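If you read the protein sequences in the order shown, they are chains D and S. The first sequence begins at 1338 in my numbering and counts up one residue at a time. The second sequence begins at 90 in my numbering and counts up one residue at a time. Note that the Cβ used here is the ideal one computed from N, Cα and C, for glycine as well. Small disclaimer: the values here were computed from a predicted structure and weren't measured. Report on the following structure.
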Amino acid sequence: MNIPAKPDPLVNNWARPFWDGTREEKLLIQKCSDCEQYIFYPRMACPHCFSENIEWVEASGKGTIYAFTVVESNAPSPFLEDMPYVIAVIILEEGVRMLSNIVDCNPDDLQCDQSVEVTFEKMNDEFTLPKFKPVKA
Amino acid sequence: MSNLKGKGAIIGIGEVPTGRFPEIEAIQFAVKSAKLAIEDAGIDKEEIDCIMPTAAMFSGVFTNEMATGRIVEELGLKNVKSNSNIWSGGSSSSISLKLACALLAQGDAKNVLMVQTEKLATGMPSGQAGIDLFAFAGMSNEWEVPFGQNFSSLTALATMRYQYETGTTDEQMAAVCVSNRKWAEMNPHAFFRKPLTIEEVMSSKMLARPLRAKMSNMLFDGGSAMIVTSAERAPDVVEKPVYVLGEGGSNTHFVYSQEPDITRFGFAKAGRQAFEQAGLTPADIDVAEIYDSYPIYQVIGFEELGFCKRGEAGEMFLRGDTWPGGKIPCTTDGGMLSKGHIGAGGSYSLLVESVRQLRGEAGERQVPGARFAAETGTGGTYVDAHATILGNEIP
């Protein structure tokens, strides 16, 4: 069977710095300069105080698994060859949430609230995806 | 403060069976459902002055036709003031009903026709093509799709976290499917009507841990319609009006990962608003028509509305409290898990079933003496939670 290419992120123009960052293996998130809250995914205005005074900062890349699953069947076509693969919601140290994959792991050993850290996977010349791997004890 | 309690009443319902009907067009479902609802209400069709069709996922062309008045013409209606699409996925019926009641309350409408149809089984690609299509429905193409997210995986995330926090077992989650099937066995409009066991659910193919194939809905064709009028007028029109007593809603996210609590969503807030408005509590409810689509959402809706303490629902579904004859019958049409998933029709179907139950016309499924029903709806990737309280009297 022909496996179609994985879908590139459909980038909103104000989120461009995030994807420029991952290409350089940096996990950039936004921070509101007025209310000082961290923001992800990137917004046009702070979702907390509505300020447009937003800066980009590099996240620590550390976080915990809020929830995860191991996809074993019925994946979308571009992901069929990856099964089983792990999808997880990560809560970064900065408090923001991000959907990603857990890689470099044995799926049977994963647990909710487990510590993970960012790692980067190059898709193509334009896009590098931030993924996460368990922190070795 | 605004209060929709006792302002509107459902006086007519119409529904076509859920299934695979390649030879029937969506507009046929729509006309048939609407005609049944009008006849059920016993009104002259020319008394309908407002129509709220709901968009269909299977066809942009059909949705556009409905948005621009095809149903008005097909039914030959002469006195329609407004025909306006209401579309928020699985919560479309909740929102339509609340808007209908608001228009009726202020005298801007006399009889509102709500109508929904889908052709998810035979009107669009199935198999892997269907999986691929739904992988992009309601999901962020920037923040989720590139990671292989799909409806099974996002539901598995909620299920995994919920089971982790509450200790609910796989067997208890599977029991939701069994509970719904027991009701569907008695529903001639349901697609899956053969008895289902916990073992069958537990041994079905793993989709995304801990979600298995038989914990997943399947897509079908179908539809339904309702006529809503003012509570003041309703008793003069029909013998058994079903009154809208309370409604509540809460939008909590668009991108699934941004939901602050995927083990709760907005159902507690929606339920609180609806019960407060109705002046009732969960203990007053005779039948809980809780939106399923997957077991986790039915469990969460049931708990967050207050039918039991958090973490106790699984055991209730397992030991039969929600089954026919149980102390709080739940999702008595079989839900999307057994009656079948017809898109926004999931919650439409539960409203229609609520009306049947409150009129005492649910046949074998009838909950004896049912006076009050609670119904929930939610759209997209469970982005909003809606609760509606209905009764055959205004308490």
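* Residues that T333/S bridges to, as DSSP identifies them -> The sequence as given places Val at residue 333/S; Thr does not occur at that position. DSSP output for V333/S lists L479/S as bridge partner(s).
* For the putative contact between G335/S and F309/S, defined by C-beta atoms under 8 Å, what is the C-beta separation to the nearest angstrom? -> Actually they do not touch by this definition, with Cβ atoms about 31 Å apart.
* Under three-state DSSP, which class holds T1359/D? -> helix
* **Cβ shell of P214/S (< 7 Å), same chain only, five flanking positions each side left out** => Cβ neighbours of P214/S within its own chain (closer than 7 Å, five residues either side excluded): L222.
* Where does K416/S fall in DSSP's three states? -> coil
* Asked: L1347/D versus chain S: which residues are under 7 Å apart at the beta carbon?
  -> N230, E231
* Selection of the region 283-306 of chain S by Cβ proximity to chain D, strictly under 9 Å -> K294, M295, L296, A297, R298, P299, L300, A302, S305
* To do: Please list the segments of the beta strand (DSSP E) lying wholly inside the region 173-223 of chain S, counting only runs of 3 or more residues, in order along the chain.
  => 200-208
* **One or two residues paired with V1408/D in a DSSP bridge** => V1408/D is bridged to Y1422/D, A297/S.
* Asked: Count the other CB atoms within 10 Å of the CB of E226/S; is the residue buried (16 or more) or exposed (fewer)?
  -> Per the sequence shown, residue 226/S should be read as Ala rather than Glu. By the neighbour-count rule (16 or more Cβ atoms within 10 Å), A226/S is not buried but exposed.
* Asked: Which residue from V331/S, T257/S, Y345/S, A402/S puts its Cα closest to that of D224/S?
  -> Checking the sequence shown, residue 224/S turns out to be Ala, not Asp. Looking at the Cα atoms, Y345/S is the closest of the given residues.
* **N1438/D versus G158/S: straight-line alpha-carbon distance, rounded** => 45 Å
* Could you name the residues of chain D that V344/S contacts, counting a contact when the two beta carbons are closer than 7 Å? => In chain order, Y1378 make up the part of chain D whose C-beta sits under 7 Å from the C-beta of V344/S.
* Chain-ordered neighbours of Y253/S on chain D, where CB pairs are closer than 7 Å -> C1449
* **Min CB distance G469/S to chain D below 7 Å** => no
* Can you tell me which of the three DSSP states A463/S falls into? => strand
* To do: Scan the region 1392-1410 of chain D for residues whose Cβ lies nearer than 8 Å to a Cβ of chain S and list them as they occur along the chain.
  => Y1403, A1404, F1405, T1406, V1407, V1408, E1409, S1410
* Could you check where the beta strand (DSSP E) with G311/S kicks off and where it finishes? -> 310-319
* To do: Determine the direct distance from the alpha carbon of V1348/D to that of K1390/D, and round the result to whole angstroms.
  => A quick correction: the sequence has Asn, not Lys, at residue 1390/D. So the two alpha carbons sit approximately 21 Å from each other.
* Cβ shell of M90/S (< 8 Å), same chain only, five flanking positions each side left out -> With a pLDDT of 47 at M90/S, under the threshold of 50, the modelled position of this residue cannot be trusted; read the value that follows with caution. Result list for M90/S: empty, nothing under 8 Å.
* Terminal residues of the beta strand (DSSP E) in which E1454/D lies -> That run of the beta strand (DSSP E) goes 1452-1459.
* Mind pulling the beta strand (DSSP E) runs of 3 or more residues that sit fully within the region 228-302 of chain S? -> 295-297
* Going by the CB atoms, is the gap between A320/S and G97/S shorter than 7 Å? -> With respect to A320/S, G97/S sits close: the two C-beta atoms are nearer than 7 Å.
* Members of the region 212-241 of chain S near chain D, C-beta cut-off 7 Å -> Q217, I220, D221, A224, N230, E231, W232, E233, V234, P235, F236, G237, Q238, N239, S241
* To do: Taking a Cβ distance cut-off of 7 Å, strictly less, list which residues of the region 249-275 of chain S are near chain D, in chain order.
  => M249, R250, Y253
* Give me the Cα-Cα distance between L1284/D and A218/S, rounded to the nearest whole angstrom. => Only positions 1338 to 1474 of chain D appear in this structure, which leaves residue 1284/D out of reach.
* Bridge partner(s) assigned by DSSP for C76/S -> Outside the shown range of chain S (90 to 484) lies residue 76/S, about which nothing can therefore be said.
* Just how far apart, CA to CA, sit A377/S and N481/S? -> 15 Å
* How long is the line joining the alpha carbons of A156/S and A433/S, rounded to whole angstroms? -> In this model, A156/S and A433/S are separated by some 15 Å (Cα to Cα).
* Does the beta carbon of A210/S come closer than 7 Å to any beta carbon on chain D? -> no
* Of all the options E401/S, F356/S, A451/S, which has the alpha carbon lying nearest to the alpha carbon of E464/S? -> F356/S
* To do: Measuring only between beta-carbons, confirm whether I1424/D sits less than 7 Å from chain S.
  => Yes, I1424/D counts as interfacial toward chain S.
* Asked: What distance in whole Å lies between the Cβ atoms of I316/S and A130/S, which are believed to be in contact at a cut-off of 8 Å?
  -> 4 Å
* Nearest-angstrom Cβ-Cβ length linking T1406/D and M249/S, presumed shorter than 8 Å -> 6 Å
* Taking Cβ positions, are M295/S and P384/S nearer each other than 7 Å? -> Not a contact, by the Cβ cut-off of 7 Å.
* To do: Quick one: which residues of the region 416-438 of chain S get their C-beta closer than 8 Å to a C-beta of chain D? List them in chain order.
  => Per Cβ criterion, the list is empty.
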